[in-house]
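Novice:
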């Protein structure tokens, strides 16, 4: 009796595997990593350019850390809000960014695709930078989440505030 139960189980398992294989081949394939990569160009204060790949869904701060680009310290709290649809932005009550050292200026293709500045981000920029250093494209790198539409965007990294004095 034990043998017959085992053989039924094996038969059912084989049937399931065949069914699963047929089902997965008919399903659309998942996006590849190449589909999620975008090109970014970073420009430092001396004018030197560096082209890097960015991963959609990551912040500029995370990309800079991965690529070894020093943009200064970033202190990131939870997101204060999340945009769910074009008409609905859900408040998530995170504290958002807590310092303004990771200032960047977004220009060129895709720079207008970044989500709007939060009041916290605007306050951090005003607290840490002079009025003549803040531009229309000024953002905190920790607050900019990359999207596919930002492919080809240029990110200017201004002179850093001195933050490494002991």
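Residue numbers (the working numbering): 22 to 187.
Built from N, CA and C at the ideal position, the CB exists for glycine as well.
Nothing here was measured: the structure is a model prediction, and the numbers come from that model.
Distance, Cα to Cα, residue 142 vs residue 117?
Specialist: 8 angstroms
Novice: Can you give me the Cβ contacts of residue 181 inside the same chain, cut-off strictly under 6 angstroms, excluding the 5 residues immediately before and after it?
Specialist: 93
Novice: Nearest to residue 112 by alpha carbon, out of 178, 129, 99?
Specialist: 99
Novice: Excluding sequence positions up to five away, which residues of its chain have a Cβ less than 8 angstroms from the Cβ of residue 70?
Specialist: 62, 63, 64
Novice: Let me know if residue 119 comes out buried or exposed under the rule of 16 or more other beta-carbons within 10 Å of its beta-carbon.
Specialist: exposed
Novice: Check whether the Cβ atoms of residue 79 and residue 167 lie closer than 9 angstroms to each other.
Specialist: yes
Novice: Check for me: the beta strand (DSSP E) holding residue 174 runs from which residue to which?
Specialist: 174-177
Novice: Measure the C-alpha to C-alpha separation of residue 177 and residue 123 and round it to an integer number of angstroms.
Specialist: Pairing residue 177 with residue 123, the inter-Cα distance amounts to about 11 angstroms.
Novice: So if DSSP puts residue 124 in a beta bridge, which residue, or which two residues, is it bridged to?
Specialist: Its beta-bridge partners are 161.
Novice: For residue 186, count neighbouring C-beta atoms within 10 Å of its own C-beta (all shown protein chains included) and say buried if the count is 16 or more, exposed if not.
Specialist: With fewer than 16 Cβ atoms within 10 Å of its Cβ, residue 186 is classed as exposed.
Novice: What whole-angstrom Cβ distance do residue 59 and residue 77 have, given they're in contact under 8 angstroms?
Specialist: 6 angstroms
Novice: Taking the beta strand (DSSP E) that residue 72 falls in, what are its first and last residues?
Specialist: Its beta strand (DSSP E) spans residues 70-76.
Novice: Using a 10 Å radius around the Cβ and a threshold of 16 neighbouring Cβ atoms, would you call residue 174 buried or exposed?
Specialist: buried
Novice: State the DSSP-derived secondary structure class of residue 102, mapped to helix, strand or coil.
Specialist: strand
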